[in-house]
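Chemist: The structure is given below, and queries will be raised subsequently.
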Amino acid sequence: MKDEIAVAVVGAGPAGSSAAEAAAAEGVRTVLIDKKKEIGSPVQCGGFLPEAEELQSLLPAARLPGTLIDIPERIILHRTRWQRMYS
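Position 6 (the sequence shown) corresponds to 10 in this note's numbering; numbering is contiguous.
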């Protein structure tokens with residue numbers, strides 16, 4: 005049937021959204037389901053992404069997707085010079 009969904013992703017967090025986007029980009033009919041009425045609101049935690057050079061030095065054998073290396077300036081809200089982590 006033409007209207008059938010091939011992939012259903014439950015949870016629109018970073019992993020679920022990425023999985024749904026990847027499936028849809030391959031032409032697979034995909035639905036993304038989340039319990040929230042508005043996905044991405046309120047913003048929880050954007051996390052910390054190192055600069056491209058640092059990321060490549062941390063993971064030298066990894067084949068990093070372009071989306072991790074070429075982050076558009078328009079989506080960067082804050083830049084940090086340093087951070088402190090506790091475990």
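Built from N, CA and C at the ideal position, the CB exists for glycine as well. The model shown is predicted, which means the values in this text are computed figures rather than measured ones.
#1: Under the three-state reduction of DSSP, which class applies to L59: helix, strand or coil?
#2: With contact counted as at least three CB pairs below 8 angstroms, one residue from each stretch, are the stretch 7-17 and the stretch 27-46 in contact?
#3: Which residues in the same chain as V32 place their Cβ atom closer than 8 angstroms to its Cβ, once the five residues preceding and following it in sequence are excluded?
#4: Please classify I43: does DSSP put it in a helix, a strand, or coil?
#5: Please determine, among G20, A29 and E55, the residue with the shortest C-alpha to C-alpha distance to T84.
#6: A66 lies in the beta strand (DSSP E); which residues open and close that run?
Modeler: This is what the structure gives:
#1: Here residue 59 is taken as the residue at index 55 of the sequence shown, counted from 1. Reduced to three states, the DSSP call for L59 is helix.
#2: yes
#3: Residue numbering aside, residue 32 sits at position 28 when the sequence shown is read from its first letter. Contacts found: A10 and V11.
#4: The sequence position of residue 43 within the sequence shown is 39, counting from 1. Correct three-state label for I43: coil.
#5: Taking the sequence shown and counting its residues from 1, the one referred to as residue 84 is at position 80. For the residues G20, A29 and E55, the minimum Cα distance to T84 belongs to E55.
#6: As a working mapping, residue 66 is identified with position 62 in the sequence shown. Taken as a continuous stretch (DSSP letters only), A66 belongs to no beta strand (DSSP E), as it is neither H nor E.
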